[in-house]
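Quick note: the sequence shown uses the numbering used here, first residue 382, plus one each step.
To keep things clear, I will list the structure first and then write my remarks on it.
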Amino acid sequence: MKKSFLFSLIALFVLLFLAIFAYASFYPSSQLFGKVVYRLDTDKKQVVLTFDDGPGEQTKQILNVLKEKNVSAIFFVVGQRALEKPEVVKRIVDEGHIVGIHTMTHSYLFRNNYYELSESKVVVENITGETITLFRPPYGFRIPKTIKTAEELNLTTITWSNFPRDYNHEGEEIISRVINNLEPGNIIVLHDGPGGREETLKSLPTLIDLVRARGFEFVRLS
382 MKKSFLFSLI ALFVLLFLAI FAYASFYPSS QLFGKVVYRL DTDKKQVVLT
432 FDDGPGEQTK QILNVLKEKN VSAIFFVVGQ RALEKPEVVK RIVDEGHIVG
482 IHTMTHSYLF RNNYYELSES KVVVENITGE TITLFRPPYG FRIPKTIKTA
532 EELNLTTITW SNFPRDYNHE GEEIISRVIN NLEPGNIIVL HDGPGGREET
582 LKSLPTLIDL VRARGFEFVR LS
């Protein structure tokens, strides 16, 4: 009886630990492992548009849409993909957008935190000629070492507050998911990485128009 109770108690503590770890590691607004920025500190109808995983096949067309709509965005690029498409990364900066890093290989950051962040930072800085100050962990996953490494490299860790999972949905559903969760200060995440982001591209013009129609403006993260 005592052994059974002890086993149950240990199992309960293990489950509790895992739940806390999962929350701290994945939940966008969690600050348990260190400071992250998941929204703008404002009550104004302002939002930030961001793109992850690129540059990819649709990045150039996405840039065309942003230019046409006069919207500034943040592109969190993967170091290896930046090396494959340096001209696209350079264009992102030349057209007034911000580039942040999304690690070198887009891996879960259980280990190699310093390599993943520092190497991608060097790669992107060499391409753009600018100092990189923003970092987004792949899948939003971070451990204390991740945040500490980012701080050592003078990087601010950015997560999100509006995540429509555009990679899993068609254009109309992407738009609906963003609009239905739209709030002041939102940091919106879309994706421009490999594998085809046609639905994201297709939804983008209407998405921008509808966000603005609701009185919101797209701003830069300062």
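Backbone N, C-alpha and C fix where the C-beta goes; we use that ideal spot for every residue, glycine too.
Note that this is a predicted model, so its numbers are computed, not measured.
Are residue i and residue j closer than 7 Å when you measure CB to CB?
i: Ile513; j: Ile482; result: yes
i: Leu421; j: Gly566; result: yes
i: Thr484; j: Glu497; result: yes
i: Glu580; j: Glu598; result: no
i: Gly460; j: Pro575; result: no
i: Leu582; j: Ile455; result: no
i: Asn562; j: Asn549; result: no
i: Val559; j: Gln427; result: no
Measure from the alpha carbon of residue i to the alpha carbon of each residue in the options, then state which is nearest.
i: Lys450; options: Arg420, Glu476, Asn567 and Tyr548; result: Glu476
i: Asn325; options: Asp547, Tyr495 and Ser406; result: No information on residue 325 is available, as it lies outside the stretch 382 to 603 that the chain covers here.
i: Pro409; options: Ile539, Arg492 and Ser499; result: Ile539
i: Val446; options: Leu602, Leu585, Val592 and Val600; result: Leu585
i: Asp424; options: Arg593, Glu564 and Leu571; result: Glu564
i: Leu588; options: Phe432, Ser557 and Arg472; result: Ser557
i: Ile473; options: Val503, Gly521, Glu511 and Ile401; result: Glu511
i: Tyr520; options: Pro545, Ser488, Tyr419 and Val428; result: Ser488
i: Val592; options: Asp547, Ile508, Arg523 and Val429; result: Val429
i: Thr440; options: Leu571, Ala594 and Asp590; result: Leu571
i: Glu532; options: Arg546, Leu515 and Ala594; result: Leu515
i: Arg492; options: Ala463, Val503, Lys502 and Thr530; result: Thr530
According to DSSP, is residue i helix, strand or coil?
i: Ile556; result: helix
i: Thr538; result: strand
i: Glu598; result: strand
i: Gly521; result: helix
i: Arg492; result: coil
i: Val417; result: coil
i: Asn561; result: helix
Following the continuous beta strand (DSSP E) through residue i, name the residue where it begins and the one where it ends.
i: Val428; result: Gln427 to Asp433
i: Ile447; result: Checking the sequence shown, residue 447 turns out to be Leu, not Ile. Element bounds for Leu447: not the beta strand (DSSP E) but the alpha helix (DSSP H), Thr440 to Lys450.
i: Val570; result: Ile568 to His572
i: Gly481; result: Ile479 to Ile482
Give the range of the alpha helix (DSSP H) segment to which residue i is assigned.
i: Val458; result: First-last for Val458: Ala454 to Val458, but that is the beta strand (DSSP E), not the alpha helix (DSSP H).
i: Ile473; result: Pro467 to Asp475
i: Ile513; result: Premise fails: Ile513 is in no alpha helix (DSSP H) and is neither H nor E.
Under 8 Å Cβ to Cβ from residue i, same chain only, skipping five residues before and after it: list those, please.
i: Ala405; result: Ser411, Leu413 and Phe414
i: Val418; result: Thr537, Thr538, Ile539, Thr540, Ile568 and Leu602
i: Glu334; result: What the structure shows of the chain is the stretch from 382 to 603, and residue 334 is not part of that stretch, so it cannot be assessed.
i: Phe401; result: Note that residue 401 is Ile in the sequence shown, not Phe. These residues qualify, in order along the chain: Leu413.
i: Phe407; result: Tyr520, Gly521 and Phe522
Can you find the residues in the same chain that come closer than 7 Å, C-beta to C-beta, to residue i, ignoring five residues on each side of it along the sequence?
i: Thr527; result: Leu490, Asn494 and Pro518
i: Val458; result: Gly435, Pro436, Val470, Val480, Ile482, His483 and Val505
Would you say residue i reaches chain C, if we count a Cβ-Cβ gap shorter than 7 Å as a contact?
i: Ile568; result: Within the model displayed, chain C is absent; a lone protein chain is all it includes.
With respect to 6 Å, is the separation between the Cβ of residue i and the closest non-hydrogen atom of the ligand NAP below this value?
i: Gly481; result: Within the structure as shown, the ligand NAP is missing, as the structure has no ligands at all.
Using a Cβ-Cβ cut-off of 6 Å (strictly less than) and excluding sequence neighbours within five positions of residue i, which residues of its own chain qualify?
i: Asp573; result: Phe432, Gly435, Gly437, Gln439, Thr440 and Ile443
i: Pro467; result: Ile508
i: Ile555; result: Pro545, Asp547 and Ser584
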